[in-house]
Structure formats: structure tokens, C-alpha cells
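The next block holds one structure in the form of C-alpha cells; read it before the comments.
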Amino acid sequence: MLRHKDLLGLKDCTAEEIYEILDNAAQMKKLLNSDCKSSDMLRGKALVTLFYENSTRTRSSFELAAKYLGASEVNISVATSSVQKGETLIDTGETLDAMNVDFVVIRHPMAGAPKLLAEHVRASVLNGGDGMHEHPTQALLDMMTIREAFGKIEGLKIAILGDIKHSRVAMSNLFGLTKLGAKVSMFAPKTMIPRAIEKLGAHIAASREEALEGADAVMGLRIQLERQNGGLFPSLSEYAKYYGVNDGVLKYAKSNAIVLHPGPVNRGVELSPQVIDGERSLILEQVKNGVAVRMALLKLLNEYREAHV
Ligand code: CP
238 MLRHKDLLGL KDCTAEEIYE ILDNAAQMKK LLNSDCKSSD MLRGKALVTL FYENSTRTRS
298 SFELAAKYLG ASEVNISVAT SSVQKGETLI DTGETLDAMN VDFVVIRHPM AGAPKLLAEH
358 VRASVLNGGD GMHEHPTQAL LDMMTIREAF GKIEGLKIAI LGDIKHSRVA MSNLFGLTKL
418 GAKVSMFAPK TMIPRAIEKL GAHIAASREE ALEGADAVMG LRIQLERQNG GLFPSLSEYA
478 KYYGVNDGVL KYAKSNAIVL HPGPVNRGVE LSPQVIDGER SLILEQVKNG VAVRMALLKL
538 LNEYREAHV
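Counting from 238, one number per residue, gives the positions in the sequence shown under the numbering used here.
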């Protein structure tokens, strides 16, 4: 059983909890792949998605996960909600709590917003991405995809390339993968590597080739084009040439290496189109696993709630 009512990040999860989530997600994938994606496991429960930033994958997969397990789900469109009238996050949360909501999935530009919300509501809060802090469900689906490909995570080398400094995906993967015994090698322009990340267990490679050498999985991260004016790298074409992953540099990884990307992807920037659409790419399998992981989390948090809340 999970130890908390909320899922705020993988920094606070044990390896046992992560394996429990991954094991349950594997079971949920069977339901997801069946002709009838329907269960009444969460009948009578309610989930709200509260996204202060855009999303395609995270929001829709949480909504589908809730539906497939028989829960009711509602999306609050922040752009048309009372947030626009100045309502605070805590007031919004307490309003949802008053409606007896069981789960709130929040994405927010401010690191720590899910924790703040969790401290003020009875509902279980799931972090759908907070600032540059964590995106735990993304890392869980990444780990599920790696585990499916290799049958294990311990002892594997995972290369992560891209805008590590601004990436909550990189942070959650670093916490989760190292807890499960993987080696994480990172490479990016120096302007995109956060200070002291090595203290968290990452190896910062001196070159793209070193990062990929012998890697079992290669993960590209989105280059945040909205930060392009900040002078983090000279141009997109130079980024693609010197820091991107293409078939040429992929040769340094193991011959059976897989390619991952959390999406949305900038085609031809962090990954070449040939790599995105190539036979090693599991990007769309990641999306499917995202639904299974979120189904598993709703089931496990519901079990926690039945025992403790
Ligand atoms: N990977 C991810 O978080 O995608 P969305 O922004 O589409 O949710």
C-alpha cells in the first residue's frame, strides 16, 4: 500500500512503492488492451483535473483512466473558471473538497503548488507537473516502458538529453530511476544543466557520444522554444546538429536501445524525424502506458483512502 494520500513527487516515494505502482500498471494495461475497457473499481468516486498549464497527454490520460475505472470526472478549465476572478489556489481546492471530490490532478507553473493544495484538501492530490520541480506520473510511465522493454530497470544505463535545467520530467526520472538502481547519464548545453545535479545521482557526460555510449534507453527532452530568446543556445539548427539525437549518434547506444520522449516533441530538434518514427522509438507506447500508470495510481490511492481518510 502507498504511504501517502497524495502523489506529489518521486523524491518522496520508496523503491517498493514505485514497484507497486509499476506492477499494478502492468495489470491495468491488460484491461486497457481488452475489448471492454471498463471496471467498476472506482464507481461512486470523482476526479477533477485542474490544469493551470496546457496539456494533451497528462490531462486526457487521467480523465480516461478515471472513466475506465468507473469514476466520474470533470475538468476545470482555468481560463474560464473563477481563478480568472482572483480566486486563490487554496480557495479553489476547498471549493472542490466541499463537493466531496476524491482526486484532484493539478498542473501548475509554480513548484510546490500541488503540495500546498494537498495540505488544504481531503481529496488525494496528484501532481500533473509543477514548474521545474517534478512530473511524477510521466517518470512512472517512462519507467514502465523501460521495464517492459528489458524486464528490469536495475543496472541499465539511461541517457537523458535536452533541456534538463527546466525539465520536471528529468527531475522525476532522476529520482525514480536511481532509486531502482539505474545509471542516469545526462548531456545538454551547459546553460541547460542545473547546478549540483550530480549530487542527486546524475552523471553529466562531457559529450553526446559519452552520454549515449552503451545506453539501454535514450530519452530526449523537449527544448522549450518559449525560452529560445533567452540565449540558452545559438539556434535550433545548431542545437539539432550538436545536441540532438539522430541515427548517426544513436549508433553509440546499445544495438537494442530504445528511444523515449515525454512529448510534445519538436520534430527535427531534440530528435530527428527518423529517430522519432524509427523502430527503436517507443514514444506512442509511453502514451499508452501513461493511461495504465494513472489507472494504477487511482486504484492505489483509493485503497489508501479507504484505509486512512
Ligand atoms: N508529457 C506531458 O506531460 O505531455 P502533456 O504536456 O501533453 O501533458
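Here a beta-carbon is modelled for each residue, glycine too, at the ideal position from N, C-alpha and C.
Not one heavy atom of ligand 1 falls within 8 Å of the beta-carbon of S474.
Each residue's CA atom was taken as its position, placing T415 and K322 some 43 Å apart. The nearest non-hydrogen atom of ligand 1 is 8 Å or more from the C-beta of G368. The closest heavy atom of ligand 1 lies 8 Å or more from the beta carbon of Q461. Taking the CA atoms as reference points, D260 sits about 44 Å from P471. Take A386, set aside five residues on each side of it, and the residues of its chain with a beta-carbon closer than 6 Å to its own are I495, in chain order. The beta carbon of Q375 sits closer than 8 Å to at least one heavy atom of ligand 1.
By the criterion of a C-beta distance shorter than 6 Å, G349 is surrounded by no residue of its chain, once the five residues flanking it on both sides are discounted.
Ranked by how close their Cα comes to the Cα of D249, the residues Y256, R240, E257 have R240 in first place. Counting along the chain, no beta strand (DSSP E) covers K389, and no H or E run does either. Look at G418: its beta carbon is at least 8 Å from all of the heavy atoms in ligand 1. Residues G399, G457, I460, G481 of the same chain have their beta carbon placed closer than 6 Å to that of E507, with the five preceding and five following residues left out of the count. Distances from the CA of Q523 to each of A252, K266, E253 were compared; the closest alpha carbon is that of K266. Between M381 and N410, the C-beta gap is not smaller than 9 Å, which leaves the two residues out of contact.
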